[in-house]
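Student: Numbering (my numbering), first residue to last: 126 to 292.
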(Lines of atoms letter the chains of each structure in order from A and count residues from 1; the text may use other names and numbers.)
(Lines give C-alpha, C1' and ligand atoms only; values in the text may rest on other atoms or scores of the structure.)
Protein backbone atom coordinates (compact mmCIF):
# COMPACT_ATOMS: atom_id res chain seq x y z
CA UNK A 1 0.00 0.00 0.00
CA UNK A 2 1.38 3.39 -1.00
CA UNK A 3 0.99 5.78 1.92
CA UNK A 4 2.36 8.98 0.41
CA UNK A 5 2.91 12.11 2.47
CA UNK A 6 0.22 13.46 4.77
CA UNK A 7 0.61 17.14 5.52
CA UNK A 8 -0.64 18.61 8.76
CA UNK A 9 -3.39 21.10 8.04
CA UNK A 10 -4.04 19.73 4.56
CA UNK A 11 -7.69 20.39 3.67
CA UNK A 12 -9.51 17.18 2.84
CA UNK A 13 -12.96 16.12 1.67
CA UNK A 14 -14.21 12.55 2.07
CA UNK A 15 -16.81 11.08 -0.29
CA UNK A 16 -18.13 7.60 0.54
CA UNK A 17 -19.99 5.27 -1.80
CA UNK A 18 -21.80 3.42 1.01
CA UNK A 19 -23.38 0.80 -1.26
CA UNK A 20 -19.96 -0.18 -2.59
CA UNK A 21 -18.53 -0.30 0.94
CA UNK A 22 -21.45 -2.35 2.27
CA UNK A 23 -21.15 -5.02 -0.42
CA UNK A 24 -17.34 -5.08 -0.29
CA UNK A 25 -17.20 -5.45 3.52
CA UNK A 26 -19.82 -8.17 3.42
CA UNK A 27 -18.13 -10.07 0.60
CA UNK A 28 -14.56 -9.82 1.96
CA UNK A 29 -15.07 -10.09 5.72
CA UNK A 30 -18.77 -10.73 6.40
CA UNK A 31 -18.64 -7.50 8.38
CA UNK A 32 -19.61 -3.86 8.35
CA UNK A 33 -17.41 -0.82 7.97
CA UNK A 34 -16.89 1.31 11.07
CA UNK A 35 -17.50 4.83 9.74
CA UNK A 36 -16.13 6.55 12.83
CA UNK A 37 -12.87 4.63 12.52
CA UNK A 38 -12.86 5.27 8.76
CA UNK A 39 -13.05 9.03 9.29
CA UNK A 40 -10.33 8.99 11.95
CA UNK A 41 -7.98 6.91 9.79
CA UNK A 42 -8.48 9.15 6.77
CA UNK A 43 -8.39 12.58 8.40
CA UNK A 44 -5.56 12.13 10.93
CA UNK A 45 -3.91 15.55 11.44
CA UNK A 46 -5.55 17.09 8.38
CA UNK A 47 -8.41 19.61 8.30
CA UNK A 48 -11.72 18.02 7.35
CA UNK A 49 -13.68 20.35 5.10
CA UNK A 50 -16.62 18.01 4.32
CA UNK A 51 -17.44 14.35 4.74
CA UNK A 52 -20.29 13.10 2.56
CA UNK A 53 -21.83 9.63 2.60
CA UNK A 54 -23.96 8.69 -0.39
CA UNK A 55 -26.68 6.19 0.49
CA UNK A 56 -28.91 4.12 -1.76
CA UNK A 57 -32.04 2.55 -0.38
CA UNK A 58 -34.90 0.46 -1.67
CA UNK A 59 -38.42 1.80 -1.23
CA UNK A 60 -39.14 -0.91 1.33
CA UNK A 61 -35.91 -0.63 3.36
CA UNK A 62 -35.60 1.61 6.42
CA UNK A 63 -32.19 3.32 6.58
CA UNK A 64 -32.86 5.93 9.25
CA UNK A 65 -30.69 4.20 11.92
CA UNK A 66 -27.78 3.99 9.44
CA UNK A 67 -28.18 7.64 8.42
CA UNK A 68 -28.39 8.69 12.08
CA UNK A 69 -25.18 6.75 12.82
CA UNK A 70 -23.39 8.41 9.89
CA UNK A 71 -24.48 11.86 11.05
CA UNK A 72 -23.43 11.12 14.63
CA UNK A 73 -19.83 10.54 13.52
CA UNK A 74 -19.79 13.65 11.32
CA UNK A 75 -20.93 12.63 7.85
CA UNK A 76 -23.42 14.61 5.85
CA UNK A 77 -25.73 12.22 4.02
CA UNK A 78 -27.34 12.14 0.61
CA UNK A 79 -30.00 9.49 -0.03
CA UNK A 80 -31.43 8.17 -3.29
CA UNK A 81 -34.36 5.81 -3.42
CA UNK A 82 -34.17 2.83 -5.76
CA UNK A 83 -37.57 2.21 -7.29
CA UNK A 84 -38.66 -0.98 -9.01
CA UNK A 85 -41.19 -0.78 -11.78
CA UNK A 86 -43.83 -3.46 -12.35
CA UNK A 87 -41.68 -4.95 -15.15
CA UNK A 88 -38.75 -5.24 -12.65
CA UNK A 89 -36.76 -2.36 -14.17
CA UNK A 90 -34.85 -0.30 -11.62
CA UNK A 91 -34.91 3.50 -11.55
CA UNK A 92 -32.71 5.76 -9.45
CA UNK A 93 -30.20 4.82 -6.80
CA UNK A 94 -26.90 5.19 -8.64
CA UNK A 95 -24.72 7.89 -7.07
CA UNK A 96 -21.82 7.92 -9.58
CA UNK A 97 -22.75 11.26 -11.19
CA UNK A 98 -23.75 12.79 -7.85
CA UNK A 99 -20.44 11.87 -6.22
CA UNK A 100 -18.51 13.26 -9.20
CA UNK A 101 -20.46 16.53 -9.10
CA UNK A 102 -19.93 16.97 -5.36
CA UNK A 103 -16.20 16.29 -5.79
CA UNK A 104 -15.97 18.86 -8.57
CA UNK A 105 -17.81 21.44 -6.42
CA UNK A 106 -15.46 20.80 -3.50
CA UNK A 107 -12.27 20.88 -5.60
CA UNK A 108 -11.55 24.61 -5.15
CA UNK A 109 -11.96 24.33 -1.36
CA UNK A 110 -9.65 21.39 -0.63
CA UNK A 111 -6.13 20.08 -1.21
CA UNK A 112 -7.14 16.42 -1.21
CA UNK A 113 -10.19 14.34 -2.07
CA UNK A 114 -10.55 10.92 -0.46
CA UNK A 115 -12.86 8.62 -2.41
CA UNK A 116 -14.07 5.65 -0.40
CA UNK A 117 -15.05 3.25 -3.17
CA UNK A 118 -13.61 0.55 -5.36
CA UNK A 119 -15.80 1.43 -8.32
CA UNK A 120 -13.82 1.91 -11.54
CA UNK A 121 -16.47 4.37 -12.73
CA UNK A 122 -14.58 7.00 -10.70
CA UNK A 123 -11.35 6.70 -12.70
CA UNK A 124 -12.21 9.74 -14.84
CA UNK A 125 -13.06 11.70 -11.70
CA UNK A 126 -9.64 10.89 -10.23
CA UNK A 127 -8.01 12.08 -13.47
CA UNK A 128 -10.07 15.28 -13.42
CA UNK A 129 -9.17 16.07 -9.81
CA UNK A 130 -5.49 15.22 -10.31
CA UNK A 131 -5.25 17.44 -13.38
CA UNK A 132 -6.68 20.24 -11.25
CA UNK A 133 -3.75 19.85 -8.84
CA UNK A 134 -5.56 17.94 -6.10
CA UNK A 135 -4.19 14.96 -4.25
CA UNK A 136 -6.47 11.96 -4.78
CA UNK A 137 -6.73 9.09 -2.33
CA UNK A 138 -8.77 5.94 -2.80
CA UNK A 139 -9.84 3.79 0.14
CA UNK A 140 -11.25 0.39 -0.77
CA UNK A 141 -11.17 -3.27 0.11
CA UNK A 142 -8.41 -5.22 -1.58
CA UNK A 143 -9.95 -7.53 -4.14
CA UNK A 144 -12.96 -5.19 -4.47
CA UNK A 145 -11.25 -2.26 -6.20
CA UNK A 146 -10.69 -1.39 -9.84
CA UNK A 147 -7.01 -1.66 -10.77
CA UNK A 148 -7.39 1.45 -12.98
CA UNK A 149 -8.68 3.39 -9.98
CA UNK A 150 -5.73 2.22 -7.86
CA UNK A 151 -3.17 3.16 -10.50
CA UNK A 152 -4.61 6.58 -11.30
CA UNK A 153 -5.03 7.79 -7.72
CA UNK A 154 -2.07 9.45 -6.01
CA UNK A 155 -2.50 7.04 -3.10
CA UNK A 156 -4.63 4.02 -2.43
CA UNK A 157 -5.24 2.52 0.99
CA UNK A 158 -6.46 -1.02 1.44
CA UNK A 159 -9.31 -1.27 3.91
CA UNK A 160 -8.96 -4.40 6.01
CA UNK A 161 -10.65 -6.01 9.00
CA UNK A 162 -9.17 -3.34 11.32
CA UNK A 163 -11.55 -0.82 9.74
CA UNK A 164 -14.65 -2.91 10.53
CA UNK A 165 -17.09 -2.69 13.41
CA UNK A 166 -16.30 -4.95 16.33
CA UNK A 167 -18.45 -8.04 16.25
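Yeah, the Cβ is synthetic: ideal placement off N, Cα and C, and Gly gets one too.
At what residues does the beta strand (DSSP E) containing residue 95 begin and finish?
Tutor: With the chain covering only 126 through 292, there is no way to say anything about residue 95.
Student: Is the region 250 to 263 touching the region 159 to 166, taking contact as three or more C-beta pairs under 8 Å?
Tutor: no
Student: State the DSSP-derived secondary structure class of residue 263, mapped to helix, strand or coil.
Tutor: Correct three-state label for residue 263: strand.
Student: Taking 8 Å as the threshold (C-beta atoms), are residue 139 and residue 167 in contact?
Tutor: yes
Student: Taking residue 270 as the reference, give the member of 149, 134, 204 and 235 with the closest Cα.
Tutor: 149
Student: Specify, as a first and last residue, the run of the beta strand (DSSP E) that residue 238 falls within.
Tutor: Here the beta strand (DSSP E) through residue 238 covers 237 to 241.
Student: Do you know offhand how far residue 282's Cα is from residue 263's?
Tutor: 6 Å
Student: Going along the chain, which residues of its own chain have a beta-carbon closer than 8 Å to the beta-carbon of residue 232, five neighbours each way excluded?
Tutor: 238, 254, 257 and 259
Student: Return the first residue and the last residue of the beta strand (DSSP E) that residue 204 is part of.
Tutor: 201 to 209
Student: Note down the Cα distance separating residue 288 from residue 272, rounded to an integer number of angstroms.
Tutor: 21 Å
Student: Just the C-alpha distance for residue 235 and residue 290, rounded to the nearest angstrom, thanks.
Tutor: 29 Å
Student: Taking the alpha-carbon positions, what's the residue 133 to residue 174 distance?
Tutor: 14 Å
Student: Would you report the Cα separation of residue 126 and residue 268, rounded to the nearest angstrom?
Tutor: Below a pLDDT of 50, predicted positions are generally treated as unreliable, and residue 126, at 42, falls in that range; no measurement from the model is reported.
Student: Go to residue 280, then tell me how far its beta strand (DSSP E) extends in each direction, as first and last residue.
Tutor: 280 to 284
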